[in-house]
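So the protein lines, in turn, are chains A and B. Numbering that gives the first Met the number 0 applies: residue 0 is where the first sequence begins, and numbers increase by one. Numbering that gives the first Met the number 0 applies: residue 0 is where the second sequence begins, and numbers increase by one. Just so it is clear, CB atoms sit at the ideal spot from N, CA and C, and this is done for glycine as well.
2 protein chains.
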Amino acid sequence: MLSKAKLKYIRSLELKKNRRAEHVFVAEGPKVVGDMLPYFPCRLLVATDGWHAAHPEAVADEKVNVTEEELTRASFLKTPQEVMAVFGYDDDDVCDTSLPLKELCLALDDVQDPGNLGTIIRLADWFGIRHIFCSPATADAYNPKVVQATMGALARVHLHYTPLPDLLCKLKEQGIPLYGTFLDGEDLYTKSLTANGLIIMGNEGNGISTEVATFVNERLFIPNFPVGEPTSESLNVATATAIICAEFRRRMRGDI
Amino acid sequence: MLSKAKLKYIRSLELKKNRRAEHVFVAEGPKVVGDMLPYFPCRLLVATDGWHAAHPEAVADEKVNVTEEELTRASFLKTPQEVMAVFGYDDDDVCDTSLPLKELCLALDDVQDPGNLGTIIRLADWFGIRHIFCSPATADAYNPKVVQATMGALARVHLHYTPLPDLLCKLKEQGIPLYGTFLDGEDLYTKSLTANGLIIMGNEGNGISTEVATFVNERLFIPNFPVGEPTSESLNVATATAIICAEFRRRMRGDI
Numbered sequence: 000m001l002s003k004a005k006l007k008y009i010r011s012l013e014l015k016k017n018r019r020a021e022h023v024f025v026a027e028g029p030k031v032v033g034d035m036l037p038y039f040p041c042r043l044l045v046a047t048d049g050w051h052a053a054h055p056e057a058v059a060d061e062k063v064n065v066t067e068e069e070l071t072r073a074s075f076l077k078t079p080q081e082v083m084a085v086f087g088y089d090d091d092d093v094c095d096t097s098l099p100l101k102e103l104c105l106a107l108d109d110v111q112d113p114g115n116l117g118t119i120i121r122l123a124d125w126f127g128i129r130h131i132f133c134s135p136a137t138a139d140a141y142n143p144k145v146v147q148a149t150m151g152a153l154a155r156v157h158l159h160y161t162p163l164p165d166l167l168c169k170l171k172e173q174g175i176p177l178y179g180t181f182l183d184g185e186d187l188y189t190k191s192l193t194a195n196g197l198i199i200m201g202n203e204g205n206g207i208s209t210e211v212a213t214f215v216n217e218r219l220f221i222p223n224f225p226v227g228e229p230t231s232e233s234l235n236v237a238t239a240t241a242i243i244c245a246e247f248r249r250r251m252r253g254d255i
Numbered sequence: 000m001l002s003k004a005k006l007k008y009i010r011s012l013e014l015k016k017n018r019r020a021e022h023v024f025v026a027e028g029p030k031v032v033g034d035m036l037p038y039f040p041c042r043l044l045v046a047t048d049g050w051h052a053a054h055p056e057a058v059a060d061e062k063v064n065v066t067e068e069e070l071t072r073a074s075f076l077k078t079p080q081e082v083m084a085v086f087g088y089d090d091d092d093v094c095d096t097s098l099p100l101k102e103l104c105l106a107l108d109d110v111q112d113p114g115n116l117g118t119i120i121r122l123a124d125w126f127g128i129r130h131i132f133c134s135p136a137t138a139d140a141y142n143p144k145v146v147q148a149t150m151g152a153l154a155r156v157h158l159h160y161t162p163l164p165d166l167l168c169k170l171k172e173q174g175i176p177l178y179g180t181f182l183d184g185e186d187l188y189t190k191s192l193t194a195n196g197l198i199i200m201g202n203e204g205n206g207i208s209t210e211v212a213t214f215v216n217e218r219l220f221i222p223n224f225p226v227g228e229p230t231s232e233s234l235n236v237a238t239a240t241a242i243i244c245a246e247f248r249r250r251m252r253g254d255i
């Protein structure tokens, strides 16, 4: 049975300040919870008798059996599914600036829509990008909507919330390529691309902020088709990220 | 002043059946309305005195001056902006099956999220894809959310709602390439791609339906990186569409 205190605790995690204070997030449903269990310490595992019986191996600080009705009260989903869990995550305040020296990373400059963030985390996972640096105003990756949208990619892709100008200043001093997309940038397909560095993507409405733009030393443009025809003013940030990451990875292949 | 009858009429257009019955859709805000005015016949133009005064050239069957308060009552947006308009669109029930013979087109097999549909319309516009065939269960492109998300791309990209199996049967008989993305498809980057044909994208949860899949004669796969590593099971449909369209257009360029 789910006590009133536990119900209240779970519901309180809908708010970012409460999640941050506790360094926890909520995942729901057999698929997402199953994806997270091997990667994050499970603080609380709330599930139906059926789910618990089928998963005796699941490790958690505390397990609670609930009815469908109790689960519905606790859930953030319209149609809750068998199980929900509270996971802890590492406090990643210390940000390793050597990562973009060694590998290709992403940076998000105030991407505000949780759906876009979730989509970007999934595609980072697809393209083997293991680290995303996020400005503090970027949507919270531990928002229940993002957790559900990432479908487990959050287990393999690490998010670092940090003010971007400080980070970019250090990276630029080290001569690390800092890529950004601009309407007057260079053609993505003719520009040389590196196997390391940072790809910076901007806010949905405003693009990359003026301050962050001053650090970009490799300006890219996704050419439209046919070149020069009237078209949309911009692409959605997640689709632009997809096209750019795909092209970086295509170039790194030795076989084509 | 906005009469009660007109207010009721505008509000009724939130429902798809009413929009379809009248062959109209609603656009809001100076940017989106401005993008649509040259392309669609305007049935009703509802705006503040300031907007009307600044746009005397705008052509509409009927113009109505309203206060901010009246606009707020009529609007589908949280923060209405100066102007909203009801536009007519052509009844495109007769579907020209020769289009994918001549040029590259898209088909959407039950893409249900209006945000994904809006994003796909914008990127079709970006990549010069002028026709999208949609299964009847695909989200309605004239849904106010999609209209706002497309940012005017709807003016240049034509949507055709039609049962896909009938269409695909005719196209296959003509030997037109029918592309689809599958986890066991061929590497997008090594497969030969054509300048015409149809790229079929599937539903968010289920991918391409079994029936539609039987017509696909060119099976594609977007390779993850590094190949063979554990990763997300799939990409979001809009990001997958972006990567595929970008690669088709890259191959069509003569200069790289």
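Asked                                                                                                                                  : Found
Closest by C-alpha distance to Lys30 (chain B), when choosing among B:Arg18, B:Leu219, B:His22, B:Gly151                               : B:Gly151
Cβ shell of Met251 (chain A) (< 6 Å), same chain only, five flanking positions each side left out                                      : Ala194
Interface residues of the segment 227-240 of chain A facing chain B [CB-CB below 9 Å]                                                  : Glu228, Pro229, Thr230, Ser231, Glu232, Ser233, Leu234, Asn235, Ala237, Thr238, Ala239, Thr240
Contact with chain A by Asp89 (chain B), beta-carbon distance below 8 Å                                                                : no
Proximity of Val240 (chain B) and Ile119 (chain B) at Cβ, strictly below 8 Å                                                           : Note that residue 240 (chain B) is Thr in the sequence shown here, rather than Val. Cβ atoms of Thr240 (chain B) and Ile119 (chain B): closer than 8 Å.
Inside the segment 24-69 of chain A only - alpha helix (DSSP H) runs reaching at least 4 residues                                      : 29-35, 48-53
Ordered list of beta strand (DSSP E) runs contained in the segment 86-148 of chain A, each at least 3 residues                         : 103-107, 130-133
Per DSSP, cross-strand counterpart(s) of Met83 (chain A)                                                                               : A:Glu27, A:Val45
8 Å Cβ cutoff, Asp258 (chain B) in contact with chain A                                                                                : A question about residue 258 (chain B) goes unanswered here, because the residues of chain B that appear run from 0 up to 255.
Extent of the continuous beta strand (DSSP E) to which Ile291 (chain A) belongs                                                        : Nothing about residue 291 (chain A) can be read from this structure; chain A reaches only from 0 to 255.
Secondary structure of Glu172 (chain A), DSSP reduced to three states                                                                  : helix
For Glu185 (chain B), the residue or residues it bridges with in DSSP                                                                  : B:Leu219
Spatial neighbours of Pro99 (chain B) in its chain, beta-carbon cut-off 7 Å, leaving aside the 5 residues before and after             : Leu170, Ile175, Asn195, Gly196, Leu197
Sequence-distant residues of the same chain with beta carbon closer than 6 Å to Glu217 (chain A), five excluded per side               : Pro176, Tyr178
Contact set between Met150 (chain A) and chain B, taken where Cβ atoms lie within less than 9 Å                                        : Ser231, Glu232, Ser233
Endpoints, beta strand (DSSP E) assigned at Leu14 (chain B)                                                                            : Where Leu14 (chain B) is concerned, there is no enclosing beta strand (DSSP E), given that its DSSP letter is neither H nor E.
Whole-number beta carbon distance between Thr161 (chain B) and Phe181 (chain B), since they are thought to touch under 8 Å             : The pair is not a contact, with the Cβ atoms about 23 Å apart (cut-off 8 Å).
Neighbour list for Thr118 (chain A) in chain B, Cβ cutoff strictly below 9 Å                                                           : Leu234, Asn235, Ala237, Thr238
The segment 106-123 of chain A / the segment 40-50 of chain A touching (three or more Cβ pairs under 8 Å)                              : no
Residues from the segment 215-226 of chain B in contact with chain A, defined by Cβ distance under 9 Å                                 : Ile221, Pro222, Asn223, Phe224, Pro225, Val226
DSSP three-state assignment for Ile9 (chain A), whether helix, strand or coil                                                          : helix
Beta-carbon contacts of Ala154 (chain A) that lie in its chain and below 8 Å, excluding the five residues immediately before and after : Asp34, Met35, Pro37, Tyr38, Phe39
Straight-line Cα distance separating Gly114 (chain A) from Glu13 (chain A)                                                             : 16 Å
Meets three-Cβ-pair contact criterion under 8 Å: the segment 199-216 of chain A and the segment 204-215 of chain B                     : no
Beta carbon proximity, Ala245 (chain A) to chain B, threshold 8 Å                                                                      : yes
Within 7 Å of chain B by C-beta, residues of the segment 177-195 of chain A in sequence order                                          : Tyr188, Thr189
From A:Thr78, A:Thr209, A:Gly87, A:Thr137, residue whose alpha carbon lies closest to that of Leu107 (chain A)                         : A:Thr137
Enclosing beta strand (DSSP E) for Met0 (chain A) [first to last residue]                                                              : That residue, Met0 (chain A), is in no beta strand (DSSP E); it is neither H nor E in DSSP.
Cutoff 8 Å; reference Tyr188 (chain B); Cβ partners in own chain excluding five residues on either side                                : Pro222, Glu246
Beta bridge counterpart(s) of Leu197 (chain B) as assigned by DSSP                                                                     : B:Cys104, B:Leu177
Beta-carbon proximity check, Gly127 (chain A) vs Glu228 (chain B), cutoff 8 Å                                                          : yes
is_contact[Ile198 (chain B), chain A] using C-beta, thresh 8 Å                                                                         : no
Where Met0 (chain B) falls, given that 16 or more other Cβ within 10 Å makes a residue buried                                          : exposed
Contacting residues, own chain, Cβ-Cβ under 8 Å from Tyr88 (chain A) (five flanking each side not counted)                             : His22, Val23, Phe24, Phe39, Tyr141
Leu158 (chain A), enclosing beta strand (DSSP E) - first and last residue                                                              : 157-160
Residues that Ile255 (chain A) contacts on chain B, provided the C-beta gap is smaller than 9 Å                                        : Asp186, Tyr188, Thr189
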